[in-house]
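The structure under discussion appears below in the form of structure tokens.
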Amino acid sequence: MRRLRTLIVIPACLLAAGCVATQQDMLQMQSQMDDLNNNLSSMQKNQAELAVKMDDLSRNLNISSENMKDISTQMGRLSGRLDEIDLSMNKRVNAIGQTIRKQQEEVATALLPGKIYNDAYNAYLNNNFDGAATGFKTYLSKFPAGELAEGAFFYMGESFYLREHWQEAALAYANVLEKFPNSARVPAARLKYALALLKLPGDKKSEAAKYLHSVIRDFPKSQEAATARDHLNKLSPPKQNPAPKPANPGLKKG
6 MRRLRTLIVI PACLLAAGCV ATQQDMLQMQ SQMDDLNNNL SSMQKNQAEL AVKMDDLSRN
66 LNISSENMKD ISTQMGRLSG RLDEIDLSMN KRVNAIGQTI RKQQEEVATA LLPGKIYNDA
126 YNAYLNNNFD GAATGFKTYL SKFPAGELAE GAFFYMGESF YLREHWQEAA LAYANVLEKF
186 PNSARVPAAR LKYALALLKL PGDKKSEAAK YLHSVIRDFP KSQEAATARD HLNKLSPPKQ
246 NPAPKPANPG LKKG
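Taking my numbering, I'd label the letters of the sequence shown as residues 6 to 259.
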């Protein structure tokens, strides 16, 4: 009987022990399931947060893209504006350059007549009469109505006269008399014109004398008038009264 009880107790204990082991396994599995659920929940939460961040990132990228478009548009406008400014500046620079060149040309043009005349006059003063005549002729060919034309004609005549080119000298003096009748150089031009005529071939004495008389008539107190008188006297020396005839020495009154 005791042995039978023992045999009954042993399986019962084994059964109880098996039940305990199974319960622990269940608890452990439950714990693992809970951990797995927690991890899954955490992953889902992280995934949701990641999705939110992705949405934010996508939105930010869209905003950045729009901003880039705006910046690109503004850069395009700025580039166009810079092109306009560059074109405007080029036009202004070109206009300024043209103005400066025009002013330089005007200054050079204004200075050129005086330079040609002064170079010719300096040649005249240095007894370079050929160079002087050429210079005055150049001035008159370029500036026939220039402010210095009167002097150019006169000193061209003087240069030709001193080189004994009588025809050219007479023509230059004639231009002074014709073009500048009120000039202070008229007395000298008339006198020199008359003297040049006297040097020309052919009988020019009558015409020369007419101009010499006009100098004396119109400018009686001038040095040219005195010179004109001297030349007129050479052309027509004054007649001397004949000496009285001596009385016949053999004739006496009774």
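Ideal Cβ positions, reconstructed from N, Cα and C, are used throughout, including at glycine.
**Study point:** Touch test, the region 178-198 against the region 155-166, Cβ-Cβ under 8 Å, three pairs minimum
**Key:** yes
Review point. Just reading off the alpha helix (DSSP H) that N238 is part of, what are its end residues?
Key: Q228 to L240
Point to revise | Straight-line Cα distance separating V220 from S188 | key: 14 Å
Check your understanding: Mind checking E229: buried by the 16 CB within 10 Å criterion, or exposed?
Key -> buried
Exercise for review: Mind listing, in chain order, the continuous beta strand (DSSP E) runs of no fewer than 3 residues lying wholly within the region 34-103?
Suggested key: none
Review point. Between F158 and V181, is the Cβ-Cβ spacing less than 9 Å?
Key: yes
Check your understanding: Can you tell me the Cα-Cα spacing of D39 and Q29, whole angstroms?
Key -> 15 Å
Practice item. Take every Cβ of the region 116-127, pair it with every Cβ of the region 139-146, and state whether three or more of those distances are shorter than 8 Å. Key: yes
Check your understanding: Less than 9 Å separating the beta-carbons of A175 and L205?
Key -> yes
Practice item. Just the C-alpha distance for S46 and Q52, rounded to the nearest angstrom, thanks. Key: 10 Å
**Study point:** Test item: CB-CB of P192 and S227 under 9 Å
**Key:** yes
Check your understanding: Going straight from the alpha carbon of N134 to that of Q172, what length do you get?
Key -> Looking at the sequence itself, residue 134 is Phe, so the reference to Asn does not match. So the alpha carbons of these two residues sit roughly 15 Å apart.
Review point. Near A128, what residues of its chain come up, given a Cβ to Cβ distance below 7 Å and the 5 sequence neighbours on each side ignored?
Key: G136, A137 and G140
**Study point:** Local Cβ density within 10 Å of A231, reported as buried at 16 or more and exposed below that
**Key:** exposed
Exercise for review: Would you identify the three-state DSSP class for E183, choosing helix, strand or coil?
Suggested key: helix
Practice item. Pick helix, strand or coil for G162, following the three-state DSSP scheme. Key: helix
Exercise for review: With a threshold of 16 other CB atoms inside 10 Å of the CB of L202, please say whether the residue is buried or exposed.
Suggested key: buried
Review point. Does DSSP put N125 in a helix, in a strand, or in coil?
Key: Before going further, note that residue 125 is Ala rather than Asn in the sequence given. Helix at A125.
Review point. Can you tell me the Cα-Cα spacing of N67 and S77, whole angstroms?
Key: 15 Å
Practice item. Using the Cα positions of K210 and A233, report the straight-line distance between them to the nearest angstrom. Key: 13 Å
Practice item. Name the residue from T27, L217 and E71 whose alpha carbon lies nearest to the alpha carbon of L240. Key: L217
Check your understanding: Which stretch, first to last residue, makes up the alpha helix (DSSP H) that contains L203?
Key -> V191 to K204
Point to revise | S63 versus I101 - alpha carbon distance | key: 55 Å
Check your understanding: With a CB to CB cut of under 7 Å and the five nearest residues on each side skipped, what residues in its chain are close to A214?
Key -> L237 and L240
Exercise for review: Put R117 into one of helix, strand or coil per three-state DSSP.
Suggested key: With the sequence shown as reference, residue 117 is identified as Leu, and Arg is not the correct amino acid for it. If DSSP states are grouped into helix, strand and coil, L117 belongs with the helices.
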